[in-house]
Amino acid sequence: MKHRTTAGLAAVALASIALTGCASSDDGGSAAASGGNVCEVTPAAEPSPAPSPSEEDVKAVDAIKVSGPVGKEPKVEFEAPLEVSAPTFRVVDEGTGEELTDGAQVTINYLVIAGKDGSTSGSTWKTKKPETFKLGAPEYDLLNDRLIGQKVGMRLLMASTAMDQTIQVTMVEVTKVEAAPDVPTRAEGTAVTPEGGLPTVELADDGQPTVTIPKDYKAPTDLVVQPLIEGDGAEVTKDQTVTVQYAGCLLDGTSFDSSWSRGAPTSFPLSGVIPGWTNGIAGQKVGSQVLLVVPADQAYGEQEQGGIPANSTLVFVVDILDAKAA
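Throughout the sequence shown, residue numbering follows mature numbering (1 follows the signal peptide of the UniProt record, and there is no 0), covering -25 to -1, 1 to 301 in sequence.
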């Protein structure tokens, strides 16, 4: 079983997002009217509890040597290959600064090391790009309980299974805590009438979308950017980090990704996503909802990506909740 950690650790330690099934429908509501493929987002589920580490897991993590002062990239040494059967943690240093409370915004530095050979997979000390997130957010379920109640300066060691099923060791240091900004949970603004023939979007009371792809819809060769709600915030630029709610579908109605299913918005730099997102979200206003139809050459191209087949056209509904300097 894999579990989530942090947004920035996604490439090396995040769990995969559960795929949600959708089906073509010819009866009931707007789906019958369109005769198209209906993509429904599965509501957020209660997270499954993480399995408990074994005695062997605890001994393996206790044997890891960490050296170097707080505030600097540490040296982490262990006998490779390192194996654990469940996420296993060790507090290396207690913090002495401000207390970390549920809902606060914390900033961390982290170092990620491959358990198989001890090689470094990533380091925010080297990139000088620490990560900031809200304590209690569902996508940080591995870190929340270990950080809440601790103090700034705390260093936490973790060994867990990554997306590629390899074991990775992560050293986290909390460098800052502050009140989290007040960010809405859905787009709010003026409704925009979309062009005819595009996938249609229906919203639940909480803003969660259901997407219907017309039966005769042909995959476009160019990126389609259709505002559905126009917000009144500042225009987003390509060099910013955005906070969004979003759902992603294939043209056959398969839902492959959704922040609504995870129960919380997510944040990431626009410079680090597929070109269709970078080009489609930049220039839109904060508070807006946008429909994106992304051709394969602005998505993953000939590369299969998780539950997304090669050469797939992707359909997204994106609520742009916030944007700030990366």
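Yeah, the Cβ is synthetic: ideal placement off N, Cα and C, and Gly gets one too.
Please read all numbers here as calculations on a predicted model, not as lab measurements.
Residue i in three-state terms, based on DSSP
i, result
"Leu296", "strand"
"Leu57", "coil"
"Ser287", "coil"
"Asp193", "With the sequence shown as reference, residue 193 is identified as Lys, and Asp is not the correct amino acid for it. Coil, per DSSP."
"Gly255", "helix"
"Gly223", "strand"
"Ser29", "coil"
"Leu267", "strand"
"Lys34", "helix"
"Asp1", "Per-residue confidence for Asp1 stands at a pLDDT of 38, beneath the threshold of 50, marking its modelled position as unreliable; the derived number appears in the next sentence. Asp1: coil per DSSP, three-state reduction."
"Leu132", "strand"
"Arg65", "strand"
"Asp120", "helix"
"Pro169", "coil"
"Leu245", "helix"
"Asp139", "coil"
"Pro202", "strand"
"Gln273", "helix"
"Pro184", "strand"
"Ala7", "Bear in mind that a pLDDT of 39 at Ala7, under 50, signals an unreliable position, so the model cannot answer this."
With 16 other Cβ atoms within 10 Å as the buried cut-off, status of residue i
i, result
"Glu15", "buried"
"Ala7", "Bear in mind that the predicted position of Ala7 carries a pLDDT of just 39, short of 50, making it unreliable; the figure below should be weighed with that in mind. Exposed, since its Cβ has fewer than 16 Cβ neighbours within 10 Å."
"Lys109", "buried"
"Ala166", "exposed"
"Lys40", "exposed"
"Thr240", "It should be pointed out that residue 240 corresponds to Pro in this sequence rather than to Thr. Buried: at least 16 other Cβ atoms inside 10 Å."
"Pro195", "exposed"
"Pro24", "exposed"
"Gly172", "exposed"
"Gly258", "exposed"
"Val66", "exposed"
When the options are compared against residue i, the one with the closest alpha-carbon
i, options, result
"Val290", "Leu266, Gln273, Pro284", "Leu266"
"Thr145", "Asp181, Glu74, Val87", "Val87"
"Ala137", "Gly11, Ala61, Gly70", "Ala61"
"Met42", "Glu52, Asp139, Ser135, Leu117", "Just to set this straight, residue 42 is Ser in the shown sequence, not Met. Of Glu52, Asp139, Ser135, Leu117, the residue nearest in Cα terms is Glu52."
"Asp294", "Pro184, Gln264, Lys50, Pro270", "Gln264"
"Lys299", "Gln280, Tyr221, Ala209, Val66", "Ala209"
"Gly251", "Ala274, Arg237, Lys91", "Ala274"
"Lys47", "Glu74, Thr150, Gln183, Gly93", "Thr150"
"Gln143", "Lys260, Gly164, Gly93", "Gly93"
"Ala271", "Ser230, Val199, Gly262, Ser233", "Val199"
CB contact check: residue i to chain B, cutoff 8 Å
i, result
"Val13", "Absent from the structure: chain B. Only one protein chain is present."
Legend entry - the stretch 100 to 108 / the stretch 128 to 138 touching (three or more Cβ pairs under 8 Å): Verdict: no, contact absent.
Inset, instruction - Evaluate contact between the stretch 207 to 226 and the stretch 237 to 257, counting only Cβ atoms and requiring at least three cross-stretch pairs below 8 Å. - result: Contact holds: three or more Cβ-Cβ distances are below 8 Å.
Inset, instruction - Jot down the residue ranges of each uninterrupted beta strand (DSSP E) in the stretch 78 to 118, minimum 3 residues, whole runs only, in chain order. - result: 80 to 89, 95 to 98, 106 to 109
Inset, instruction - Take every Cβ of the stretch 192 to 209, pair it with every Cβ of the stretch 166 to 182, and state whether three or more of those distances are shorter than 8 Å. - result: yes
Inset, instruction - Please determine if the stretch 274 to 290 and the stretch 219 to 236 are in contact, where contact requires at least 3 C-beta pairs separated by less than 8 Å. - result: yes
Inset, instruction - Would you check if there are 3 or more beta carbon pairs closer than 8 Å linking the stretch 66 to 85 to the stretch 151 to 170? - result: The stretch 151 to 170 and the stretch 66 to 85 touch, with three or more beta-carbon pairs separated by less than 8 Å.
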